[in-house]
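Chains as they are written, first to last, in my numbering: chain A, 557 to 892; chain B, 64 to 397; chain C, 4 to 313. Structure first, commentary second.
Encoded structure:
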């Protein structure tokens, strides 16, 4: 499977030149200029129906902001988000409601996503009341069947969030997202708050519901091994840009962008017999308030050229169909 | 690589029990831990939340204070840390045994510059006479260079919130190195950091261990970190040791079903698997642990007696485990 | 902390003072005039007319307000209608009495409140802590006027040790000071205790111990300075409390201070005197809060630059 950009017909979500800047809330005199930080720097993404796309990167790279822009939690500064052929931000009224219920969002902290004073089953069918009006009996039945499909029992539904474990709470949040039969699920670090032994349960659940319901998935995580396992393709972000974007087989077996290489290389492997030639990335991620010129990765890049501090590389399609933003790759100077 | 049985250990924990005062006083969170740490060794303590790994660390230098109780022995150089008088433990903290923590920023005083917090540790070591002021300044800069802080003179004037998570952790390490300790307890030092920064900090810890012949107890929940950093590892669950031994054996051919489950339930960056093995059930809370093996209700190899009687200690090469029905299968990757 | 921040704060402070004075100006005039108080109920219509003309009471509130602002900008805050002297003078002549009362109380509140709060926090969950907190809650929940009357009943009427009204000797200070101190100390003790408890369980206290400080050293170097920050921040609020306390206390003990003058002047609609006092109080409040803001910024370097929606 290649990159979906060319075949526009079965793309479920297409993000184009998406940009987001935040105003810095520094106290200034009225005549002083406002300063902004660019969190998302004009990115393109596309997800085919039924595909799972991973969005990875370190803290502050903007991956969660992408999800919030799609969910309209923040308004984009520029760019378009097209869902099923329609521009999301231009939808109004009933039409918006209809489209929005096809997109559901799951985030990291399940405790924060649930109301501590309401039994979880009522929270699971609440979206149905909002979207379709009152029919509690019918909804209760449906909630129980959704609860069962995420591996919980009817009895769990009567409990309050604090009576459940972290993994069970995340299952409840997933059940609530599924009750509206969405086509598209955005998961923002859905397993990082969970214990290791529970993570695999939830990931398997994601794979099960995705296959059973043919759900399209945008999976945002800093855990690259999980993304490799769960997704079909992956976009790697660094300081608001996508630096490499392609099919998982290509990207994880043979990463080409120096940042992707370093990122994958930094993930420890639980096998003491594997002695890798570890190239540890030096330095830290620069401040977004004062980003480096040219390629934002050049101060930490092991293969930086003089040009890299002047010009910004474009995300370009490479020979094998993946896309990467690095001069060493596009100018035929890479040594793979 | 060290084995478990050579020279006299620096730290011996013998049958340690730790509990919290209050409602669940009678339900200890650490239930009979025994382990050794030798000079120059990096021992990895791995487990999930509630496994008792952090509590074990805190009780080594009695940082639980009056919130908890301890039973058993923690011998450092032969001296029992649990029963010695308070002044003696104060003298040992920082100079013999130091500790770093998960979220370095909140473990540094937010309203003091990092420099003054580092100098404070050095004053304890070198005294605060007039002649020592210059010595302390040079020592501070030397330490910051050693932990890889660029431009140390200027960084000392910064407050913790002005530095990144990785830099704060380096500062924390520098502070704890001030007393030149022989044992460093590192409680999830990289959990809050990004992977590229985690790699830098782990490399630093390994370097310090070699250069100073310092022992390190590294607490983590990431078996990858254990494999790449540690010599030996203790796998903990429900306040008990499940499997303990050389990393080469424990992580390559795990015998305890819990170790096996942990290893197979996490996908690997270098391998592709079809389906993850899961450990069913939930992580138990210390209040409702069974009499026998704490893992019994989630174990795939559970036998009838597992929940009632403590499993036997089985020694196998450079490791031992507590299980009457150990795993014989190979890991999925093999 | 930058100059833009300070200038913004100052502008806002001036706006506050202006709003308060304007508000008081209008409310006072809407609520009646001083004619009856000065001339009595049976004054002749001519006398009333002359009185109104003299003080400009027949003008509309707008005109009166314009005159007031014009004069105030020239530094003239008018005469006291009741006393005939300058309003500023009648306030200043009583200021000393009020300031000594407030000064002594503040010093005592600080020492007693903070030390009891510290003891309670350092002996958290012991009998010392509980005892202090019982007294603190009792003090905290008794209103000033009730406490004052109880003290008068006990020390002046039952025991006859202390004078209940007036001023002049040191003995006159004791009951008013006690009234103002007991309640506020309780507030401070509670606040200090919770500020300390918050700090004592902060992670950096663990670090302080781990690097080899003794418990005492760790408390002195890391807990006390950090607990001082929230205590300082309530100082702005505290100035308001103690002014309110002074007004009530002075009235009950017939203490010849500004607080009692305020009540008297409001009752008799002595417009200018009330206006001067309100101006003083609002300036004090604004200055106190401004100082606290600066102090807070200096004590706590965590002034973050926040992001917001563009």
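A virtual CB, placed ideally from N, CA and C, is assigned to each residue, including glycine.
Asked: According to DSSP, residues forming a beta bridge with residue 95 of chain C; Found: Answer is none; residue 95 of chain C lacks a bridge partner.
Asked: Inter-residue CB distance, residue 120 of chain B and residue 294 of chain B (contact presumed, cutoff 8 Å); Found: In fact, because the Cβ distance is near 18 Å, the residues do not count as touching under 8 Å.
Asked: Local conformation of residue 628 of chain A per DSSP, three classes; Found: coil
Asked: Identity of the residue in C:71, C:36 and C:70 nearest residue 54 of chain C by Cα; Found: C:36
Asked: Stretch pair the region 768 to 781 of chain A + the region 833 to 848 of chain A: three plus CB contacts closer than 8 Å; Found: no
Asked: Chain C residues whose Cβ lies nearer than 8 Å to that of residue 174 of chain B; Found: 228, 229, 232, 302, 303, 304 and 305
Asked: Near-chain C residues of the region 227 to 259 of chain B - C-beta to any C-beta below 9 Å; Found: 235, 238, 239, 241, 242 and 248
Asked: Enclosing alpha helix (DSSP H) for residue 216 of chain C [first to last residue]; Found: First-last for residue 216 of chain C: undefined, no H or E at that position.
Asked: For residue 618 of chain A and residue 641 of chain A, the rounded distance between their alpha carbons; Found: 25 Å
Asked: Residue 190 of chain B at chain C interface by Cβ criterion, 9 Å; Found: no
Asked: contact_flag[the region 844 to 859 of chain A, the region 811 to 825 of chain A] where n(CB pairs < 8 Å) is 3 or more; Found: yes
Asked: 9 Å Cβ cutoff met for residue 792 of chain A and residue 807 of chain A; Found: yes
Asked: Min CB distance residue 12 of chain C to chain B below 9 Å; Found: no
Asked: Closest residue to residue 206 of chain C among B:104, B:383, B:166 and B:131 (Cα-Cα distance); Found: B:166
Asked: Close Cβ partners of residue 81 of chain C (< 7 Å) along its chain, the five nearest in sequence each way excluded; Found: 74, 90 and 275
Asked: Residue 217 of chain C: contacting residues in chain B (beta-carbon distance under 9 Å); Found: 149, 150 and 153
Asked: Per-residue DSSP class, three states only, for residue 159 of chain B; Found: coil
Asked: Minimum length 3: unbroken beta strand (DSSP E) runs contained in the region 101 to 163 of chain B; Found: 105 to 109, 131 to 139 and 160 to 163
Asked: Per-residue contacts from residue 124 of chain B into chain C (C-beta, under 9 Å); Found: 212 and 213
Asked: Residue environment, residue 688 of chain A, which counts as buried when at least 16 other CB atoms sit within 10 Å; Found: exposed
Asked: Below-9 Å beta-carbon distance, residue 286 of chain B vs any chain A residue; Found: yes
Asked: Under 9 Å between C-beta atoms of residue 706 of chain A and residue 750 of chain A; Found: no
Asked: Which listed residue (A:643, A:796, A:613 and A:788) has its alpha carbon closest to that of residue 626 of chain A; Found: A:643
Asked: Residue 278 of chain B - DSSP class collapsed to helix/strand/coil; Found: strand
Asked: Local conformation of residue 52 of chain C per DSSP, three classes; Found: helix
Asked: Range of the contiguous beta strand (DSSP E) that encloses residue 83 of chain B; Found: 74 to 83
Asked: Chain-ordered chain B contacts of residue 724 of chain A [CB-CB under 8 Å]; Found: 345
Asked: Simplified DSSP state of residue 716 of chain A, which is helix, strand or coil; Found: coil
Asked: Within chain C, the residues that residue 156 of chain B reaches when beta carbons sit closer than 9 Å; Found: 212, 213, 214, 215 and 216
Asked: Below-9 Å beta-carbon distance, residue 131 of chain C vs any chain B residue; Found: no
Asked: C-beta atoms of residue 196 of chain C and residue 135 of chain C nearer than 9 Å; Found: yes
Asked: Listed by chain order, chain B residues near residue 704 of chain A by CB distance under 8 Å; Found: What residue 704 of chain A touches in chain B: nothing, since even the nearest Cβ is about 16 Å away.
Asked: Cross-chain neighbours of residue 207 of chain C in chain B, by beta carbon under 8 Å; Found: 169, 170, 171, 172 and 173
Asked: Residue 759 of chain A at chain B interface by Cβ criterion, 9 Å; Found: yes
Asked: Interfacial residues, the region 309 to 331 of chain B to chain A, with Cβ spacing under 8 Å; Found: 310, 311, 314, 315, 324, 325, 326, 328, 329, 330 and 331
Asked: Best match in A:570, A:752, A:728 and A:769 for proximity to residue 623 of chain A [C-alpha to C-alpha]; Found: A:570
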